Structure formats: structure tokens, C-alpha cells
Amino acid sequence: MLFVLRLIVVGLLIGWAARFLYPGAVEMGWIGSILLGLAGSLLGGFLAQMFSRHRAGQPLEPAGCLGSVLGAMLLIFVGRALDLF
């Protein structure tokens, strides 16, 4: 149960940070922000493993958080290009 709560909080924080840093308004609610943050974390982690020999370390490393935010911003970009947002 604590794991799920932590996923929700981290997803919300990553999603909020990506929406804040992305130029222009990104209209979505709390659940959308959580899902954006979780998907951005998955995408950022996947891309980091593809281009790095370093394997995952401790949770919530600064580089991992930055990669998650960048992954979420990439998802916003793709979503706008496909007219989803």
C-alpha cells in the first residue's frame, strides 16, 4: 500500500514539474498529471538504460528525477504534435 502511495506522489510531482517547465499551458487534472509523471518516469528510465552502461541505483536520484521530467516533457511534446492535449 505504501508503494502505491509513493508512486502516486512521485508521479504527481514529476507530472507537475514537467507541466510547469513546458512552455505554454498544459491543461490536465490531478489524475492526468499523475499518469504523465509515471509515463515520463518509465520513458526517462528506458531511454537512460538504452544510452548508459550505468544501471539503476537508489530511488529518487537527482539524475533519475531529471530524466523523468524530461521524459514527461517529451510525452507532452508528442501529445501536442498528435493533437491529444
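Under the working numbering, the first residue of the sequence shown is numbered 9, with each subsequent residue one higher. Cβ coordinates follow ideal geometry from the N, Cα and C atoms, glycine included. Just so we're clear, the structure is a prediction, and the values are computed from it rather than from any experiment.
- For V18, the uninterrupted alpha helix (DSSP H) segment begins and ends at L10 to L29.
- For G52, the enclosing alpha helix (DSSP H) has its first and last residue at W38 to M58.
- Taking 8 Å as the upper bound for CB-CB distance, G45 and A80 are in contact here, some 6 Å apart.
- In this structure, G53 places its C-beta atom within 8 Å of the C-beta atom of G75.
- Cα atoms of F85 and L10: separation of roughly 32 Å, rounded to the nearest angstrom.
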